[in-house]
Structures are given as structure tokens and as C-alpha cells.
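Novice:
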Amino acid sequence: MKKMTKINAGVAMVKVFEAWGIDHIYGIPGGSFNSTMDALYQERESVRYIQVRHEEAGALAAAADAKLTGKVGAVFGSAGPGATHLINGLYDAQMDNVPVVALLGQVASSSMNYNDFQEMNENPMFADVSIYNRTVMSPESLPHVVDEAIKAAYKFRGVAVVTIPVDFGFKEIEAQEIATAKNHKTEVILPNEADLKAALPYFEQAKKPVLYIGQGVFGGFPAIKKFSEFFSMPVAASVLAKGIVPDMYKNFLGFAGRVATKPANEALAEADLIVFVGSDFPFGRRFFNPKANFVQVDIDSSKFGRRHNTDVSVLGDGITALNQWVTLGTERPADQWLAANQENIVRWHAWRHHFDTNQQAPLRPEPIFKEINRIAEPNAIFVSDVGNVTINSIRHLDMTGEQRFTTSGWFATMGNGVPGGIAAQLSFPDRQVFTLSGDGGFAMQMQDILTQVKYQLPIINIVFSNDSFGFIEAEQEDTEQKKFGVFLEGADFGKVGEALGAKGYTITRYEDLTPAFDAAKTSNGPVVIDIKIENARPLPVEELKLDPEKFSAAEIAAFKEKYQVQEMPTLRELLKGN
Ligand SMILES: Cc1ncc(C[n+]2csc(CCOP(=O)(O)OP(=O)(O)O)c2C)c(N)n1
Ligand SMILES: [Mg+2]
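If you use UniProt numbering, the sequence shown corresponds to residues 1 to 578, in order.
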């Protein structure tokens with residue numbers, strides 16, 4: 001009888017990763033994870049272990065990998081504290097609907113349920129964040145469970161968690177083909193023609209239509225442009241969709257909500273039709289005209305009607321829907337609505353660019369973004385942290401269409417910047433990577449500059465230091481409460497970067513910006529540029545006090561003075577041909 005070949009169960013599991021094209025995994029070892037560490041060592045040529053300095057950084061990086069590549073991201077944590085540290089990054093993946101696999105260490109199977117050292121019943125804690133959450137029950141099933149986990153992460157676009165008792169990975173099992181990667185199919189649901197046609201009368205009747213896109217139409221700029229121009233609809237986007245449409249495209253109005261632009265907010269509040277494609281924008285009921293007709297396209301039927309009462313729902317691929325509508329529909333000629341919106345965005349860009357050479361100290365953000373835009377390569381990747389810095393990033397990064405942008409979208413966890421940069425640079429080693437963080441967010445994960453140094457990742461990390469949790473300070477202003485708990489101890493983050501092994505710059509003066517950015521552009525290792533900025537709130541486009549029908553002349557004048565708004569007519573005024 002032929003003898004069966006044996007293989008180490010941990011190695012067999014890592015080979016499943018390899019079969020699925022997972023080429024790196026983040027984590028920190030622990031006693032309960034040693035069998036997998038040994039397997040990762042043996043398989044180091046095919047799956048690269050990336051040592052992070054905090055498991056949360058690893059989980060945030062895995063989520064960012066998935067957001068940027070569409071492929072499953074991978075991370076691990078050892079039993080107990082290593083595992084619990086993962087939770088923020090995993091929620092980030094869940095909320096932004098991307099596939100991540102998390103391996104959790106566990107004490108040996110013979111010690112489980114004896115209240116062993118670091119033993120924790122991990123399943124309940126990870127139940128809510130995951131779409132798959134299993135503890136491996138035998139060495140033989142270890143590679144199989146991981147294969148199931150990866151499939152589930154792809155199918156449900158979420159987090160799959162596998163808890164591994166440490167002894168299983170050291171055992172020998174029968175060698176056989178286990179990974180099902182070669183059978184994997186991703187389905188594209190094609191929209192049904194009757195649904196598409198049901199939307200056409202709405203397009204024909206609309207006087208003030210807007211196309212709103214989310215991350216579901218990634219790669220779809222040609223279809224978006226064709227649709228927008230055929231039906232004369234201006235375009236707005238979710239924050240996670242930044243970069244899909246080049247920022248300077250003439251029909252592109254920017255973003256809605258608070259992390260937003262004036263033209264997009266005004267258009268969506270005024271619209272009589274919103275065509276909402278591939279998005280789950282959570283603030284529709286607050287920022288969209290509640291009376292607008294609403295046509296929604298999504299591949300996930302659970303999203304229909306969630307953010308606005310919906311007249312027509314189209315189940316299927318967004319890009320296909322946009323293309324087909326152009327074939328099925330009747331052209332809507334350009335009109336005053338489109339012209340006024342185009343004028344609104346032209347004026348918006350002119351307003352913000354007029355601060356580009358402002359030399360005040362502490363600095364305004366615009367001169368910094370002028371430098372970023374200047375040195376950014378045509379296919380650079382930007383990872384924005386969470387705070388006022390997100391508002392400034394989406395407004396002032398003038399992206400080309402080839403460049404990429406990501407952030408922690410709907411979970412909006414601070415600290416995603418530095419880890420996201422690591423992911424971007426590992427997944428795209430040939431592209432230039434920037435991280436943009438506030439002083440609050442940076443301090444949450446700055447230890448992982450060490451990881452950037454260890455792997456010599458030439459990431460340009462920019463810190464916008466305003467000595468404040470600025471985004472929350474603004475909220476406290478809105479609710480007219482005492483500003484409390486928001487002011488921060490300043491630090492010299494350039495020196496922090498240097499102490500951690502990166503190149504560091506701390507900038508307080510306008511004239512020092514260009515030399516630092518020039519040096520960053522050619523650096524072959526990580527750079528931290530800390531820039532001291534004025535603690536001033538970005539223009540609150542969610543609470544504009546510019547409309548003479550709603551505010552007194554004195555209120556408008558005070559608002560314009562505070563935010564240095566000069567020529568900024570409202571969309572309504574532009575529509576009247578002001
Ligand atoms: C982990 C986490 N804690 C708290 C918050 C709430 N929060 C949102 S923005 C923000 C302030 C961010 O401050 P900073 O990083 O300095 O950026 P700034 O707003 O000043 O640009 C806070 C505390 C959050 N989103 N994530
Ligand atoms: Mg801050």
C-alpha cells in the first residue's frame with residue numbers, strides 16, 4: 001500500500017493562504033501562536049510575515065490592504081490581549097465592507113476550558129464584528145477552516161475569524177489539496193432591463209438631477225462621465241469614492257455631509273432627483289432633499305431604501321447600470337441647473353486656492369496641500385486619518401483619477417493613517433504613498449513608524465498639528481457647550497519620527513515647506529513631516545450661513561468674516577443667474 005505523505009498542519013494552513021494569493025500577514029507573536037509562527041517561518045518565501053508594533057495597526061493595515069486591492073487582508077493576534085487588540089481594525093473592515101481574515105491564537109486544546117493563562121473565550125467577542133467566526137477543532141481541519149474563512153470573507157465582504165488552539169499547528173496531517181482558490185468565482189449581478197427602464201421617466205422629468213456615487217463604482221469613471229454628460233447630471237461622491245472621478249472633472253461637485261464641499265451639499269439639498277449608485281452614505285436623511293425622487297443601484301438588496309425613500313431600486317452592478325442607461329435613455333440637454341453647479345464648483349476651487357500662498361503662522365492647511373499636490377506622483381496613494389484632517393484632505397487633494405485615496409470611512413477610527421500607509425506601500429511597492437494625520441490620530445498609532453523603518457518603506461507621513469481634537473472641538477462649538485477634553489499637549493513629531501528611525505521635519509514657517517517636501521519626495525525611507533497649523537475650523541459647509549433668505553445680513557457678514565469667505569454666492573443665487 002502507498003504511504004501517505006505527511007505535512008505539518010500549520011504549514012498546510014499557510015499554503016492555503018498562498019493558494020489564495022495572500023502574500024503578507026501582519027501580527028505580533030505570542031506563546032499561543034507559536035505553531036503558526038513556525039509555519040510562517042517555514043513558508044517565509046511565499047507568505048511574508050510583517051511585524052507590527054501594535055496588533056491594532058496590523059488589523060487597520062489588513063483592512064487598508066483590502067480597501068486598496070480588493071483582495072483579502074490578513075492579520076493575527078495571540079490569545080487574549082493580542083486578539084483583543086485587533087478589534088478596531090476589524091470593525092473598520094466590517095463597516096467599509098471589505099474582506100479580512102484574522103487568525104487568533106488560543107491555548108492548547110488540552111488546556112482549553114481550564115481557565116488557563118491568557119485563555120479567553122474568543123468567539124463571543126468576535127461574533128459581532130465577523131461574518132465567519134470559528135474555533136478549529138482538530139489539526140486535520142485547520143487548513144480547511146482557513147479556506148472556508150477566506151471564501152466567506154470574499155462572499156460576504158467582511159471579517160472572518162479563525163481561532164487556533166496552539167497545539168494543532170504543530171501536528172502532522174495527511175498532505176492533500178485543500179485550498180479551493182482555483183474554483184473561486186466572483187459574481188457580477190447584471191441589472192435587469194425592466195428596472196433600468198423604470199428609472200427613465202424620472203430622468204426625463206427631472207429638473208435638478210444629481211448622480212451620487214460610492215465605492216461600488218470603483219474604476220468606473222468612463223461610465224460616470226458618459227452618464228453625467230448624456231443626462232446633464234452633476235456628480236457627487238462619498239468620501240470612500242474619492243479618486244474615482246478626477247477632482248477637477250468639470251461636472252464633479254465633491255462630497256456631501258460634514259466631510260464635504262459646498263457645491264455637493266447644496267446640489268443634494270436642492271435636487272429633485274438623486275441617482276444613488278454603489279453607496280451606503282449614512283447621512284442621506286440629513287443632507288439630501290427628502291422630497292427628491294430617488295433611484296438606487298446596489299449589488300446588495302439590503303441597502304435599498306435605507307438612506308432615503310427610494311422610488312426605483314436596481315439590483316446589480318453600478319457601472320453596468322450607468323452604461324446601459326445611456327443606451328436606453330433619451331439625452332437630457334445641458335441646462336441652467338448644470339451650468340450653475342459647474343459655476344459653483346469653479347468658484348469653490350478658486351476660493352480655496354486663494355489661500356495657497358498664505359504665509360501666516362501657524363500655517364493654514366492650503367499651502368501644505370499645495371506642496372503635497374506638487375510632489376505627488378500621478379499614481380500616488382493617499383491614506384487619510386480621521387478628523388478635520390479628513391475634511392481638508394478630501395477638499396484639497398487634487399487627485400488625477402489614477403491616484404488612490406482611502407480612510408476609515410464609516411467606522412471612522414482615528415489612527416488608521418500610519419497603518420494604512422504601511423498597507424499601501426506593501427501592496428503597491430512601486431507607488432508613492434502619503435499618510436495624512438491629525439496630531440490626535442497620529443499619536444494613536446505612531447509607534448508603527450518603527451514598522452515603516454524596519455521594512456524601509458518610503459512613506460511620507462504628514463502630521464497636521466493643531467494641538468486639538470479639532471473635529472470634536474467643532475462639534476462642541478455647534479452644541480454651544482464648554483470646550484472640554486479637546487485641547488492637546490503638543491509634541492515635536494518630527495523629532496519623534498527621527499527617534500524612531502525615520503527622517504523627521506517639524507515645520508512652523510511657510511518658507512520651510514518646500515525644502516522639506518522636496519527632501520521627502522526623494523527619500524528612500526520613511527519621512528515624518530509635522531506641520532504646526534492654526535487651530536481653525538474648516539469652513540462648515542453643513543451649516544453655511546450665506547443664504548439671505550435664511551440669515552440676516554449681520555449673521556452672513558459675521559460668518560464670512562470668520563471663515564474668510566469673499567465671493568461665495570449660494571447655489572440658489574447662481575441658479576437665478578447672479
Ligand atoms: C479611536 C477614535 N476615538 C475617538 C474618535 C472621535 N473623534 C473623531 S475625530 C476626533 C479628533 C481628531 O483629532 P486629530 O487627529 O488631532 O485631528 P483634527 O480633527 O484635529 O484634524 C475624535 C476624537 C474617533 N473617531 N476614533
Ligand atoms: Mg488635531
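Even glycine gets a Cβ: it sits at the ideal position worked out from N, Cα and C.
(1) Use the C-beta contact count for Tyr-202: other C-beta atoms within 10 angstroms, 16 or more gives buried, fewer gives exposed.
(2) Based on Cα-Cα distance, which residue from Arg-431, Val-210 and Ile-50 lies nearest to Val-235?
(3) For the alpha helix (DSSP H) that Val-14 lies in, which residues bound it at each end?
(4) Pull up the distance between the alpha-carbon of Ser-523 and that of Pro-458, whole angstroms please.
(5) Tell me, which residues are paired with Gln-296 by DSSP?
(6) Just to confirm my understanding: we take Gly-30, look at its own chain, exclude 5 residues before and 5 after, and list those with CB closer than 7 Å. What are they?
(7) If we ignore side chains and look at the alpha-carbon of each, how far apart do Asp-547 and Glu-561 end up?
(8) With a threshold of 8 Å, are at least 3 pairs of Cβ atoms found where one atom belongs to the stretch 526-545 and the other to the stretch 500-509?
(9) Give the residues whose C-beta lies closer than 7 Å to at least one heavy atom of ligand 1, in chain order.
(10) Secondary structure at Ser-141, three-state DSSP: helix, strand or coil?
(11) May I ask you to report which of helix, strand or coil DSSP gives Ala-206?
(12) Is Ala-502 near Pro-526, with beta carbons less than 8 Å apart?
(13) Taking the runs of the beta strand (DSSP E) that are 3 residues or longer, which of them lie wholly in the stretch 87-149?
(14) Give every residue of the same chain whose Cβ lies closer than 6 Å to the Cβ of Leu-574, excluding the five residues on either side of it in the sequence, and list them in chain order.
(15) Of the residues Glu-270, Val-217, Pro-139 and Thr-69, which one's Cα is nearest the Cα of Leu-322?
(16) Please state whether DSSP places Ala-443 in a helix, a strand or coil.
(17) Considering only DSSP beta bridges, list what Gln-51 is partnered with.
(18) Does the structure place the stretch 415-432 close enough to the stretch 98-112 that three or more beta carbon pairs sit under 8 Å?
(19) Below 6 Å CB to CB, which residues in the same chain sit around Ala-223 once its five sequence neighbours on both sides are set aside?
(20) Which parts of the stretch 365-423 are runs of the alpha helix (DSSP H), unbroken and 4 residues or longer, counting only runs that do not cross its ends?
(21) With Asp-448 and Ala-57 assumed to form a contact (beta carbons below 8 Å), what rounded beta-carbon distance in angstroms separates them?
(22) As a quick exercise: from Arg-306, Leu-338, Trp-410 and Lys-151, pick the residue whose alpha carbon is nearest that of Lys-576.
(23) In angstroms, rounded to a whole number, what distance separates the CA positions of Lys-262 and Gly-73?
(24) How about Pro-378 and Glu-534: do their beta carbons lie closer than 8 Å?
(25) Spatial neighbours of Tyr-91 within its chain, please: CB distance less than 6 Å, with the 5 preceding and 5 following residues excluded, ordered by chain position.
(26) Could you tell me the distance, in whole angstroms, from the CA atom of Gly-497 to the CA atom of Gly-438?
(27) Given a threshold of 16 other Cβ atoms within 10 Å of its Cβ, counted over all protein chains shown, does Gln-432 qualify as buried or as exposed?
(28) For Ala-516, which residues in the same chain have their Cβ closer than 7 Å to its Cβ, ignoring the five residues on either side in sequence?
(29) Below 8 Å, how does it come out for the stretch 116-133 and the stretch 168-183: are there three or more Cβ pairs, yes or no?
(30) So, does the CB of Asp-147 fall closer than 8 Å to a CB anywhere in chain C?
(31) Excluding the five sequence neighbours on either side, which residues of its own chain have a C-beta within less than 8 Å of the C-beta of residue 591, listed in chain order?
(32) Does the stretch 19-38 come close enough to the stretch 61-75 that 3 or more CB-CB pairs lie under 8 Å?
(33) DSSP state of Ala-334, grouped into three classes?
(34) Please specify which runs of the alpha helix (DSSP H), each continuous and at least 4 residues long, are wholly inside the stretch 500-568, giving them in chain order.
(35) Does DSSP classify Phe-469 as helix, strand or coil?
(36) Given that a residue counts as buried once 16 or more other Cβ atoms are within 10 Å of its Cβ, and exposed if not, what is Lys-185?
Specialist: So, from the data block:
(1) Position 202 of the sequence shown, counted from the first residue, corresponds to residue 202. The residue is buried, with at least 16 neighbouring Cβ atoms inside 10 Å.
(2) On the sequence shown, position 235 is the one that residue 235 refers to. Answer by Cα proximity: Val-210.
(3) Sequence index remark: in the sequence shown, residue 14 carries index 14 (1-based). First-last of the alpha helix (DSSP H) with Val-14: 9-19.
(4) Indexing the sequence shown from 1 puts residue 523 at position 523. Indexing the sequence shown from 1 puts residue 458 at position 458. Distance between the alpha carbons of Ser-523 and Pro-458: 6 Å.
(5) One-based indexing of the sequence shown puts residue 296 at position 296. Residue pairing by DSSP places Gln-296 opposite Phe-276 and Ser-313 in a beta bridge.
(6) Here residue 30 refers to the residue found at position 30 when the sequence shown is read from its first residue. Result list for Gly-30: Ser-78, Ala-79, Gly-82 and Gly-105, in chain order.
(7) In the sequence shown, counting from the first residue as 1, residue 547 sits at position 547. In the sequence shown, counting from the first residue as 1, residue 561 sits at position 561. Spanning the two alpha carbons is a distance of roughly 15 Å.
(8) yes
(9) Asn-88, Asp-385, Val-386, Gly-387, Asn-388, Val-389, Ala-412, Thr-413, Met-414, Gly-415, Ser-437, Gly-438, Asp-439, Gly-440, Gly-441, Phe-442, Met-444, Phe-464, Asn-466, Ser-468, Phe-469, Gly-470, Phe-471, Ile-472 and Leu-488
(10) In the sequence shown, residue 141 corresponds to position 141, counting from 1. It is coil, neither helix nor strand.
(11) Along the sequence shown, read from residue 1 onward, the residue named residue 206 stands at position 206. Correct three-state label for Ala-206: coil.
(12) Your numbering for residue 502 matches position 502 in the sequence shown. Your numbering for residue 526 matches position 526 in the sequence shown. Cβ atoms of Ala-502 and Pro-526: closer than 8 Å.
(13) 100-106 and 130-135
(14) Numbered from its first residue, the sequence shown carries residue 574 at position 574. Closer than 6 Å at the Cβ level, and outside the excluded window around Leu-574, lie Ala-340, Glu-343 and Asn-344.
(15) Start at 1 with the first residue of the sequence shown, and residue 322 comes out as number 322. The shortest Cα separation from Leu-322 among Glu-270, Val-217, Pro-139 and Thr-69 belongs to Val-217.
(16) Within the sequence shown, numbered from 1, the residue matching residue 443 stands at position 443. Correct three-state label for Ala-443: helix.
(17) Against the sequence shown, residue 51 aligns to sequence position 51. BP columns for Gln-51 point to Gly-27.
(18) no
(19) Residue mapping note: residue 223 aligns to position 223 of the sequence shown, counting from 1. The answer, listed in chain order, is Ile-319, Leu-322 and Asn-323.
(20) 365-375 and 388-396
(21) Taking the first residue of the sequence shown as 1, we reach residue 448 at position 448. Taking the first residue of the sequence shown as 1, we reach residue 57 at position 57. Right, their Cβ atoms sit about 4 Å apart.
(22) As a working note, residue 576 is residue 576 in the sequence shown. Comparing Cα positions, the closest option is Leu-338.
(23) Here residue 262 corresponds to residue number 262 of the sequence shown, with the count starting at 1. Here residue 73 corresponds to residue number 73 of the sequence shown, with the count starting at 1. Cα-Cα distance, rounded: 35 Å.
(24) Within the sequence shown, the letter at position 378 stands for residue 378. Within the sequence shown, the letter at position 534 stands for residue 534. No.
(25) As a working mapping, residue 91 is identified with position 91 in the sequence shown. Excluding residues within five positions, the ones whose Cβ falls inside 6 Å are Val-129 and Phe-411.
(26) Your numbering for residue 497 matches position 497 in the sequence shown. Your numbering for residue 438 matches position 438 in the sequence shown. Note on geometry: alpha-carbon atoms of Gly-497 and Gly-438 lie some 15 Å from one another.
(27) Here residue 432 refers to the residue found at position 432 when the sequence shown is read from its first residue. It is buried - the Cβ of Gln-432 has at least 16 other Cβ atoms within 10 Å.
(28) Residue mapping note: residue 516 aligns to position 516 of the sequence shown, counting from 1. Contacts found: Tyr-505, Ile-507 and Ile-529.
(29) no
(30) The chain labelled as chain C is not found in the depicted structure, where only one protein chain is given.
(31) Lying before the first or after the last residue shown, residue 591 is absent from the chain, which here runs from 1 to 578.
(32) yes
(33) As a first step, residue 334 must be located in the sequence shown, where it is residue number 334. In this structure, Ala-334 counts as coil in the three-state DSSP scheme.
(34) Unbroken alpha helix (DSSP H) runs of no fewer than 4 residues, entirely contained in the stretch 500-568, are found at 513-522 and 553-562, following chain order.
(35) As a first step, residue 469 is located in the sequence shown; it is residue number 469 there, counting from the start. Of the three classes helix, strand and coil, the one that applies to Phe-469 here is coil, per DSSP.
(36) Along the sequence shown, one-based indexing puts residue 185 at 185. Looking at its Cβ environment, which holds fewer than 16 other Cβ atoms inside 10 Å, Lys-185 is exposed.
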